[in-house]
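Numbering (the UniProt record's numbering), first residue to last: 1 to 208. Read through the structure below, which is laid out as structure tokens, and then see the notes.
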């Protein structure tokens with residue numbers, strides 16, 4: 001008898017543990033379903049607000065009459081009015097009126113082919129003469145002497161002397177210019193020596 005009671009007690013404990021496990025599992029499933037239900041309620045609230053806003057927009061939209069206007073295009077974007085159409089507040093727009101014409105008249109007269117748009121600017125500096133070999137071989141020309149008020153600058157003197165030396169060198173090389181004469185020393189000592197005879201004559205005694 002005690003063995004039977006012990007077996008019955010163990011069976012009862014097992015059933016109790018199974019029932020507790022089932023209760024725990026059902027409780028978890030209930031929490032999951034409650035969370036899903038709350039999510040569905042949130043989605044329903046958001047959709048209700050969207051439907052309310054769409055209803056307001058639909059009430060502002062005029063019903064389309066096929067006989068009143070042109071056929072609708074396949075594009076969902078509404079056609080924008082042209083820029084020439086002016087909307088006046090408080091007045092009904094006249095769709096049959098033509099847009100105002102643009103003033104395309106020219107206020108300026110066309111220039112003829114003879115008229116220059118901009119006059120030619122004067123040159124900044126006078127052009128320099130181009131020196132050719134023929135010009136350099138020509139004999140030097142006498143330069144005009146400057147007047148009392150016109151004094152050549154040191155730069156012009158230097159350039160003139162350089163050109164003269166270059167011209168003489170070219171002429172001397174081509175044979176058109178005589179060779180330079182040797183310099184003669186005209187010191188007083190040389191003049192006295194040149195005036196005296198080369199060999200002095202001996203003195204002659206003319207006494208009785």
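Beta carbons: idealized from backbone N, C-alpha and C, even for Gly.
### Task
May I have the straight-line CA-CA distance separating residue 43 from residue 33, to the nearest angstrom?
Here the question's residue 43 lines up with position 43 in the chain shown. Here the question's residue 33 lines up with position 33 in the chain shown. Their Cα atoms are separated by approximately 15 angstroms.
### Query
Where residue 15 and residue 26 are concerned, what is the direct C-alpha to C-alpha distance, given to the nearest angstrom?
Translated into the one-based positions of the chain shown, residue 15 becomes position 15. Translated into the one-based positions of the chain shown, residue 26 becomes position 26. Their backbone Cα atoms lie some 16 angstroms apart in a straight line.
### Query
Do you know how far the Cα of residue 175 is from the Cα of residue 159?
Reading the chain shown from its first residue, position 159 is the one you call residue 159. Reading the chain shown from its first residue, position 175 is the one you call residue 175. Taking the straight line joining both Cα atoms gives about 24 angstroms.
### residue 53 to residue 18 span [Cα, whole Å]
For this step, residue 53 is matched to residue 53 along the chain shown. For this step, residue 18 is matched to residue 18 along the chain shown. Roughly 53 angstroms separates the two Cα atoms.
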